[in-house]
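The structure under discussion appears below in the form of structure tokens.
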Amino acid sequence: MQEKSFNAFTMAQQQFDQVAEKLGLDAGTRELLRNPMREFHFSIPVRMDDGSVKIFKGFRVQHNDARGPAKGGIRFHPHETIDTVKALATWMTWKCAVVGIPLGGGKGGVICDPHNLSPREQEQICRGWLRQVVRNVGPLKDVPAPDVMTNGQHMLWIMDEYETIMGGKFPGFITGKPVGMGGSLGRTEATGFGVIYCLREALKELKIDITKTTASFQGFGNVAQYAVQLYKEYGGKPVAVSCWDQKDQKSYSFIRKSGIDIDELRGITDKFGGIDKDKARSLGYSVEDANAWIKQDVDILVPAALENQVNADTVNFIAPSVKVICEGANGPTTPEADAVIKARGIFVIPDFLANAGGVSCSYFEQVQCNMNYFWTKEEVLTKLDNLMTEAFHGVYELAKSKNLYMRDAAYMISISRVAEACKLRGWV
Ligand code: NAD
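Numbering (numbering that gives the first Met the number 0), first residue to last: 0 to 427.
Structure (structure tokens):
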């Protein structure tokens, strides 16, 4: 996999530049939108359990908040870089805009490995992170959420620190909280289900009967598991998933041509989305190499693991049978691969549209917190389905009427909305 020279922010800027050119955006707006508005770099001193003091590097990036407070996760990762955070913050701006929720784009991170940190040390990092940015975040400024290797517990520590400093209760300050502590029902399913709401609508438009389709998924974490589940409920046949194997330090694909049983496979999967190979073999799955998922003779591919997976090296593995690529992960497809996919006429549902169910449900969480009244799961998922369906059709109609690639159409909608908000505010 082409890891060496991959820079997510360069890719985000390349994608933006192409669309800015097509939209004929003026130089000032381009300059504003191709970079984050604000970028915070800071040090978080933590007294470790052994008595020593360790300094962790933290970031928060607010790409654009013309349409509402910045919104985006906080990632804990040993290889976190500011450019990854900047790219993800930029994509959050486009994501919120394409589904029409009144939020901007943000992202944060800390360079650390939670595997090697005690809960107390992680709590200190969370509280320290908040203390560094407390003046620049808040329910009306920037609303964080969980992301890679952070969860509801981390969010509660951050919220508690914020409320302690501010002297009040602000549950709408942060999302992804546990249910019962201000979290929303349906958030766990939201991203994976949103991916499949979009896929369902795409297949209708393409006149493909979902019950006659097969699909292959990359990943088997939160997004992929719920995507596989709903795709199956709609009558599709998932035949492959893949995952990272922590012990072997490489990934594998798990294939069963007769179809995947989601409950059975979940039963042999750890909390990081890693599947037990021996148990899978005994259940009749063939355990193959990392790229086998993309080579499957299926109708639909769903990359739902991580960025830079459909790239110049792997794009030509895609079988002639593939008609739709529905991107669950952020940034799974590089511009080089995009060019090949475009030329082959494969229908793409781009990441920031397909996986916007998560942030949309986070927005619902904020709304419920602000009302202090919580909806049933059914109500949340119905609202989510309506929002994702409408967003999909907005992009599809533009792509169809102007004969555009779906990613370009989605970008055009988002960038125009954000550019317009900046213009109306008198910024550009
Ligand atoms: P997760 O950590 O729950 O699961 C990730 C899965 O990918 C695991 O099964 C892991 O084993 C697998 N994986 C990791 N590296 C791999 C590799 N090299 N090859 C194959 N599989 C690999 O993560 P998630 O929440 O499911 O997120 C997946 C993607 O979706 C990420 O790009 C994330 O940024 C994006 N996303 C997630 C959400 C959300 O709400 N969870 C929202 C929007 C976008």
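C-beta atoms are modelled at their ideal positions from N, C-alpha and C, and glycine is treated no differently.
Residues in its own chain within less than 6 Å of residue 77 by CB, not counting five upstream and five downstream?
Residue numbering aside, residue 77 sits at position 78 when the sequence shown is read from its first letter. Exclusion of the five residues before and after residue 77 leaves 112 as the residues of its chain whose Cβ lies within less than 6 Å of its Cβ.
Quick check on the DSSP output: the alpha helix (DSSP H) that includes residue 94 runs from which residue to which?
As a working note, residue 94 is residue 95 in the sequence shown. Note, residue 94: alpha helix (DSSP H), 81-97.
One or two residues paired with residue 61 in a DSSP bridge:
Here residue 61 refers to the residue found at position 62 of the sequence shown. Looking at the DSSP assignment, residue 61 forms a beta bridge with 37 and 105.
Could you give the residue range of the beta strand (DSSP E) that holds residue 217?
Counting from 1 along the sequence shown, the entry for residue 217 is found at position 218. Counting along the chain, residue 217 sits inside the beta strand (DSSP E) bounded by residues 213-217.
Tell me which residues share the same chain as residue 92 and place their Cβ nearer than 7 Å to its Cβ, disregarding the 5 neighbours each side in the sequence.
The residue labelled residue 92 in the question sits at position 93 within the sequence shown. Contacts found: 62, 63, 103, 104 and 417.
With distances taken from CA atoms, which of 242, 123 and 388 is nearest residue 48?
As a working mapping, residue 48 is identified with position 49 in the sequence shown. For residue 48, the closest of 242, 123 and 388 by C-alpha to C-alpha distance is 123.
Go ahead and pull the three-state DSSP assignment for residue 170.
The residue given as residue 170 occupies position 171 in the sequence shown. Of the three classes helix, strand and coil, the one that applies to residue 170 here is helix, per DSSP.
Does DSSP put residue 325 in a helix, in a strand, or in coil?
For the purposes of this step, residue 325 is taken as residue 326 along the sequence shown, with counting starting at 1. Under the three-state reduction of DSSP, residue 325 is assigned to strand.
Under a three-way DSSP split, which group does residue 258 fall into?
In the sequence shown, residue 258 corresponds to position 259, counting from 1. The three-state secondary structure of residue 258, taken from DSSP, is coil.
Using the Cα positions of residue 361 and residue 68, report the straight-line distance between them to the nearest angstrom.
Working through the sequence shown from its first residue, we reach residue 361 at position 362. Working through the sequence shown from its first residue, we reach residue 68 at position 69. Near 13 Å, if we compare the C-alpha coordinates of residue 68 and residue 361.
Between the alpha carbons of residue 71 and residue 227, how many angstroms are there, rounded?
As a first step, residue 71 is located in the sequence shown; it is residue number 72 there, counting from the start. As a first step, residue 227 is located in the sequence shown; it is residue number 228 there, counting from the start. The C-alpha of residue 71 lies about 25 Å from the C-alpha of residue 227.
Any contact of the region 300-311 with the region 256-269, i.e. 3+ C-beta pairs under 8 Å?
At 8 Å Cβ cutoff, the stretches do not touch.
Can you list, in chain order, the residues of its chain whose CB lies under 6 Å from that of residue 419, leaving out five sequence neighbours each side?
If you number the sequence shown from 1, residue 419 lands on position 420. Correct list: empty, nothing qualifies.
Tell me which same chain residues have a C-beta within less than 8 Å of the C-beta of residue 333, skipping the five on either side of it?
Residue mapping note: residue 333 aligns to position 334 of the sequence shown, counting from 1. The beta carbon of residue 333 sits closer than 8 Å to those of 1, 5, 10, 307, 309, 310 and 311, all from its chain and outside the five residues before and after it, given in chain order.
Residue 236 versus 28, 185, 209 and 406, residue with shortest Cα-Cα distance:
On the sequence shown, position 237 is the one that residue 236 refers to. For residue 236, the closest C-alpha among the options 28, 185, 209 and 406 is that of 209.
Using a threshold of 8 Å, state whether the C-beta atoms of residue 239 and residue 219 are closer than that.
Start at 1 with the first residue of the sequence shown, and residue 239 comes out as number 240. Start at 1 with the first residue of the sequence shown, and residue 219 comes out as number 220. Cβ atoms of residue 239 and residue 219: not closer than 8 Å.
Can you give the beta carbon distance from residue 271 to residue 149, rounded, assuming they're within the 8 Å contact cut?
Within the sequence shown, numbered from 1, the residue matching residue 271 stands at position 272. Within the sequence shown, numbered from 1, the residue matching residue 149 stands at position 150. The beta-carbon distance between residue 271 and residue 149, rounded to whole angstroms, is 13 Å. This is too long to meet the 8 Å contact definition.
Any idea what DSSP makes of residue 177, helix, strand or coil?
What you label residue 177 is simply residue 178 of the sequence shown in a count that begins at 1. In the structure shown, residue 177 falls within a coil segment according to DSSP collapsed to helix, strand and coil.
Cα separation between residue 108 and residue 222?
Stepping through the sequence shown from its first residue, residue 108 is reached at position 109. Stepping through the sequence shown from its first residue, residue 222 is reached at position 223. Each residue's alpha carbon lies about 20 Å from the other.
For the ligand NAD, I want to know if residue 354 counts as a neighbour, meaning its beta carbon is within less than 7 Å of at least one of the ligand's heavy atoms.
Along the sequence shown, one-based indexing puts residue 354 at 355. True, at least one ligand heavy atom lies under 7 Å from that Cβ.
In whole angstroms, what is the alpha-carbon distance linking residue 58 and residue 89?
Residue mapping note: residue 58 aligns to position 59 of the sequence shown, counting from 1. Residue mapping note: residue 89 aligns to position 90 of the sequence shown, counting from 1. The alpha-carbon of residue 58 is positioned some 14 Å away from that of residue 89.
Suppose the cutoff is 7 Å on Cβ atoms and the five residues either side in sequence are ignored; what does the same chain contact list for residue 231 look like?
As a working note, residue 231 is residue 232 in the sequence shown. A distance below 7 Å between beta-carbons, with the five flanking residues on each side excluded, links residue 231 to the following residues of its chain, in chain order: 237 and 261.
With 16 as the cutoff for other CB atoms within 10 Å, does residue 326 come out buried or exposed?
Within the sequence shown, numbered from 1, the residue matching residue 326 stands at position 327. Result: buried.
Mapping DSSP to helix, strand and coil, what is residue 281?
Numbered from its first residue, the sequence shown carries residue 281 at position 282. Helix, per DSSP.
Cutoff 6 Å; reference residue 409; Cβ partners in own chain excluding five residues on either side
For this step, residue 409 is matched to residue 410 along the sequence shown. So the list reads 97, 349, 352 and 394, once near-sequence residues are dropped.
Candidates 216, 284, 346 and 138, of which the one nearest residue 399 by Cα:
Taking the sequence shown and counting its residues from 1, the one referred to as residue 399 is at position 400. Ranking 216, 284, 346 and 138 by Cα distance to residue 399 puts 346 first.
Going by the beta-carbon positions, is the gap between residue 414 and residue 19 smaller than 8 Å?
Here residue 414 is taken as the residue at index 415 of the sequence shown, counted from 1. Here residue 19 is taken as the residue at index 20 of the sequence shown, counted from 1. A contact, by the Cβ cut-off of 8 Å.
Helix, strand or coil: which one does DSSP assign to residue 241?
By 1-based counting over the sequence shown, the position of residue 241 is 242. DSSP places residue 241 in strand when its eight states are reduced to three.
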